[in-house]
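This report refers to the structure that appears directly beneath it.
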Amino acid sequence: SAGYNAQDAGDDNMFVQTLFPNDSKSMMNYIKVYFPTKRDYILSSVRYIIPTFILTFILLVVFTCTIFLTFRQKKLSEMKNDFINNMTHEFKTPISTISLAAQMLNTIIANIIHTFKIKEEKYGGNIEAILQAQESTVNVDEMHFTNVIFNLLDNAVKYRREDEPLRLSVSTKDIPGNRIRIEVADNGIGIRKEDLKKIFEKFYRVSTGNRHDVKGFGLGLAYVHKMVCELKGEISVESELNSGTKFIIILPLTKN
Ligand code: ADP
């Protein structure tokens, strides 16, 4: 055409086609189609795709970083948990192994109550032992089991009501399935329903509606729970606010 300028037409923008392929070589004619705005056209059609690609790339980088940081955090939190577990263990149990031996639970509980009576009387309270279990031979570590009952009794004194003399009871009875049920009950300040689920967790302390002047780390019941589980037993708690709390421990009895 008249406007055709061979210099302007780069190879990219030119389409060449033989006009009559059956003609002899000397008579061969070609049609050349030149699109001067081809590059602009392509650029304008991909203009919106480029930011999308950049955004996707940024998102990918951020996502990868998040995953990496999450894994690092997880590792750190596992390390922290391990450390806390070890600390708790050393805190509460100077002896690291449990040496299980067949023990007469009534005897152990009677000794604990005897020791505890002195502390209880200081607060003008009263501790009652209702030891009804006929069979009471269990496989426990005496020191750990004593700690368990002591922790529960200690809590009953710590979380007593100021307006009422403290009444405490420890009872045992045999239950079906060759098991023994031990109950430690108090008439203290009680625990709210929403806190009951968490009191066996490490470092959990009831914050509101409870006594703030009582010192503690929130480790006592976590230790009690761990010990009872180690002894293949179960622990549960029933409580009513301003009325009292009852901890129930069920342990498997040992034959002979
Ligand atoms: P600590 O006594 O050191 O705070 P524990 O693990 O022994 O830790 O107890 C956890 C929480 O459970 C206590 O902070 C307390 O609020 C509550 N609690 C435990 N025992 C009793 C109880 N007998 N009466 C009322 N609240 C209790």
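Every letter in the sequence shown is one number past the one before it in my numbering, and letter 76, counting from 1, is 160.
Even glycine gets a Cβ: it sits at the ideal position worked out from N, Cα and C.
Computed from a predicted structure; not experimentally measured.
Does the distance from the C-beta atom of residue i to that of residue j stay below 9 Å?
i, j, result
"I241", "A213", "Here residue 241 turns out to be Val, not Ile, going by the sequence shown. Going by C-beta atoms, V241 is not nearer than 9 Å to A213."
"A306", "F287", "yes"
"N70", "R131", "Outside the modelled stretch of the chain, which goes from 85 to 340, sits residue 70, for which no answer is possible."
"Q101", "Y118", "no"
"S220", "T256", "yes"
"A186", "N223", "yes"
"L250", "Y207", "yes"
"I273", "Y243", "yes"
"V321", "L280", "yes"
"N326", "R245", "yes"
Following a CB-centred definition, is residue i positioned closer than 8 Å to any heavy atom of ligand 1?
i, result
"Y207", "no"
"V290", "yes"
"I283", "yes"
"K257", "no"
"V312", "no"
"I342", "Not covered by the structure: residue 342. The range shown for the chain is 85 to 340."
"L236", "yes"
"N239", "yes"
"D247", "no"
Residue i lies in the beta strand (DSSP E); which residues open and close that run?
i, result
"V117", "114–118"
"L335", "328–336"
"V268", "263–270"
Could you give the residue range of the alpha helix (DSSP H) that holds residue i?
i, result
"V312", "304–314"
"K242", "226–242"
"S255", "Careful: S255 lies outside any alpha helix (DSSP H), inside the beta strand (DSSP E) at 251–259."
"N195", "189–206"
"V130", "122–130"
In the DSSP assignment, what are the bridge partners of residue i?
i, result
"S323", "T329"
"N210", "R251"
"N223", "A186"
Legend entry - the region 263–270 touching the region 320–337, judged by at least three CB pairs closer than 8 Å: These segments touch.
Inset, instruction - Evaluate the contact criterion for the region 154–162 versus the region 195–202: three or more CB pairs, one atom per stretch, below 8 Å. - result: Touching, no, given that fewer than three Cβ pairs across the two stretches are closer than 8 Å.
Inset, instruction - Report yes or no: do three or more beta-carbon pairs, one from the region 225–239 and one from the region 302–319, lie closer than 8 Å? - result: Result yes; three or more Cβ-Cβ pairs closer than 8 Å.
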